[in-house]
Every structure is written in structure tokens, then in C-alpha cells.
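Residue numbers in the sequence shown follow the working numbering, run continuously in steps of one, and reach 310 at the last position. For every residue, glycine included, the Cβ atom is placed at its ideal position computed from N, Cα and C. Here's the structure we're looking at; comments come further down.
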Amino acid sequence: AQQATLGPDRGTGYVWTHDPASGEIIGQITLTGTHTHHPTTITNTDATPGDVRDWDQDRVDAEFFALVADLAGAPHEIIDPATGDVVGQSSQTLYGKRVWRGHQSSPLLFAGQYYDDESGWAYNRYRYYHPDAGVYNAQDPLGAAPRIASAQGYVNHPAHWVDVLGLKAHGVGKHLDPKAQHPDFPGRNVDGTFRGENGAAANGRRAHDSYSGFMQNQGYEVNRQLPGDTRLRPDAYAIDDNGFITEIRELKPDTASGHRRSGPQLNRYSEYAQQYNAGRAADTGLPAPTVRTFADWYTP
Numbered sequence: 011a012q013q014a015t016l017g018p019d020r021g022t023g024y025v026w027t028h029d030p031a032s033g034e035i036i037g038q039i040t041l042t043g044t045h046t047h048h049p050t051t052i053t054n055t056d057a058t059p060g061d062v063r064d065w066d067q068d069r070v071d072a073e074f075f076a077l078v079a080d081l082a083g084a085p086h087e088i089i090d091p092a093t094g095d096v097v098g099q100s101s102q103t104l105y106g107k108r109v110w111r112g113h114q115s116s117p118l119l120f121a122g123q124y125y126d127d128e129s130g131w132a133y134n135r136y137r138y139y140h141p142d143a144g145v146y147n148a149q150d151p152l153g154a155a156p157r158i159a160s161a162q163g164y165v166n167h168p169a170h171w172v173d174v175l176g177l178k179a180h181g182v183g184k185h186l187d188p189k190a191q192h193p194d195f196p197g198r199n200v201d202g203t204f205r206g207e208n209g210a211a212a213n214g215r216r217a218h219d220s221y222s223g224f225m226q227n228q229g230y231e232v233n234r235q236l237p238g239d240t241r242l243r244p245d246a247y248a249i250d251d252n253g254f255i256t257e258i259r260e261l262k263p264d265t266a267s268g269h270r271r272s273g274p275q276l277n278r279y280s281e282y283a284q285q286y287n288a289g290r291a292a293d294t295g296l297p298a299p300t301v302r303t304f305a306d307w308y309t310p
């Protein structure tokens, strides 16, 4: 609710209750009374005009950006629909500690959460969530039943579970079983893994998941397209403060096939990165750094 604004007689004020995730006004409360020691009456009235539902199309278009989110609904890229450019891009840990890069950012965190940068807490309807700690500020209003392991803990796996109201976690999609068939992607399970994958493929996926989490915590961009006009997507790369690509890394199985594929792939990434850095150097007047490439290995 917004802070009440008292009139000249200091006897009447208004409080508007609203949804911070959408800006929609839910209701208006009128407070009346001439002195603090006199009785105060509270009257609920309908929402007054002026919320986002009353915006004309020009204002909607002027404020609109497209969000690209992950499976659990956390925004990771902001797209300018007029140009198709990525104007904001985030790096995020598993439990939501996030850094935005670019001209735009979004306060939306996980599904149902609105992040306040000043306090470090995310509004989650019935509770507040702290992404640095991965916990809520209070115990679950429903008691211990929704999450018996921790009354203040977040969901078991934020990549494919959500808690939209801060009450009870749900698996993404219609099924709570993470190994059930995904409702939108027939070839995948609810948790994003491929259905019927063999042992080597499952081991490779687990190795890449672990690698991605580790590299992201080290400040690398993980599983994202390189900047500029390209579809190249290495496993990890680093960008310096001036926007130059400084390092590219690729995770491969420690096999003859993995060693054979890593060289040409890293060479292709390196050639593009050097061209990109040269163009950026021409635009900024700064010297282009050397691009380092590394192959990292896992045991299949």
C-alpha cells in the first residue's frame, strides 16, 4: 500500500492498495477523523482510474520490451522489439543472485517475484525472498507441510520449480514429477532433461550443468551467444569492462572424439571474437585485447 496523503484539515487520507508486480490498483481505503484520539472509520471503495489498464496503445508501445525467460520464468534477456537488439542481459546464480548488463534491466526475478534493489529482498506475495541467501524472511504461512525440510527455504530446484505466491512450490508444467513428460516439449522431461537419454548423455549433461554453475559463479557468461551478429554459443566466455571478449572456454569429454572436435570449434570462436574486438576497438578507440581460448575436460 502507498503512504496515505492527508488533506489540509489533517483529518482525511487515502491509501491505495496495489499489486507491485503489475501496477494494478486493487482498491482504495478512505480514512476519516478530525483528531488522532477520535474514532477513525475505514471505507473500502472501488479502484480509481489511472492504473495500467487505462493506458492508451501509444503509451504501452513506448514502455514495451520483450523478455526472454528461462523455464522457471526468470528473465535473462530484454529485447527491443523495434530493433531486435538485446538491450539487457543477466547472469544469475541458481537461487537468483543476479547481475544485469546493458541499457535495460528488469525487477522481475523468479515467477511471482518483484525484486527491490535497495533492500535486496524480492516481494513474493505472502513473503519476501532473499536471492543471496536463497531463503524467505519468514516461515511458510501454510506451516511445515509444503516444505518440511525448511519452513523458510525456497523450492528444491529453482531451474524447474516455482513458488508464485510464497506459499507452496510447484513443478513447472502440469506435472510435479520432474521426470514426467514436459507438457510443451514431448522429447523432454519436466526438469528439462531428454527422455530416454543413455548413460553417457546423462553424464555429459550433468557435467555441463556442474560446469555451468561453477563458471557462472566465477563471473563468466554461460551458454549464451557471443555478442554481436552471430549464433555462436560457447560453453563459457568472459567480457571485460570495456565490452571486449577476453576468454572463451569449451567443455568436452576427455576422449579422442572430444579432443578432435575441440580444436576447430575453439578456432572458430576465436576468429569471430577477434573480428568482434577489432570492430569494437575501432568504435571506442581502445586497444583490442588478445582472446584466450581453453578446452576443459570431463571424464565421460
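For residue i, the three-state DSSP class (helix, strand or coil)
| i | result |
| --- | --- |
| histidine 48 | Note that histidine 48 scores 42 on pLDDT, short of 50, meaning its location in the model is unreliable; the coordinates nonetheless yield the value given after this. Correct three-state label for histidine 48: coil. |
| glutamine 275 | helix |
| alanine 305 | strand |
| tyrosine 105 | coil |
| glutamine 114 | coil |
| alanine 283 | helix |
| histidine 180 | strand |
| alanine 148 | coil |
| histidine 167 | coil |
| alanine 92 | coil |
| phenylalanine 224 | helix |
| phenylalanine 254 | coil |
In DSSP terms, what residue i is bridged to
| i | result |
| --- | --- |
| glutamine 162 | BP columns for glutamine 162 are empty, so no partner. |
| alanine 246 | Val232, Arg259 |
| asparagine 134 | Arg137 |
| serine 100 | Trp110 |
| alanine 79 | Pro85 |
| valine 172 | His180 |
Selection from the options that minimises the alpha carbon distance to residue i
| i | options | result |
| --- | --- | --- |
| proline 141 | Gln149, Asp150, Arg157, Pro168 | Pro168 |
| glycine 176 | Gly112, Ala121, Met225, Asn252 | Ala121 |
| serine 280 | Ser100, Pro310, Ala248 | Ala248 |
| isoleucine 89 | Trp307, Ala82, Phe74 | Phe74 |
| leucine 242 | Asp250, Tyr105, Val232 | Val232 |
| methionine 225 | Gly273, Leu104, Arg271 | Leu104 |
Residue-chain proximity (residue i, chain B), Cβ-Cβ < 8 Å
| i | result |
| --- | --- |
| tyrosine 133 | Within the model displayed, chain B is absent; a lone protein chain is all it includes. |
Integer Cβ distance of residue i from residue j, believed to fall under 8 Å
| i | j | result |
| --- | --- | --- |
| histidine 113 | glycine 94 | About 15 Å separates the two Cβ atoms, so there is no contact after all. |
| valine 165 | valine 172 | 7 Å |
| serine 101 | valine 109 | 5 Å |
| aspartate 306 | leucine 236 | Contact doesn't hold; Cβ gap of about 18 Å is too wide. |
| glycine 181 | histidine 170 | 6 Å |
Practice item. Kindly confirm or deny that the region 210–229 and the region 111–125 touch, where touching means at least three C-beta pairs closer than 8 Å. Key: In this structure the region 210–229 does not touch the region 111–125; the number of beta carbon pairs closer than 8 Å is below three.
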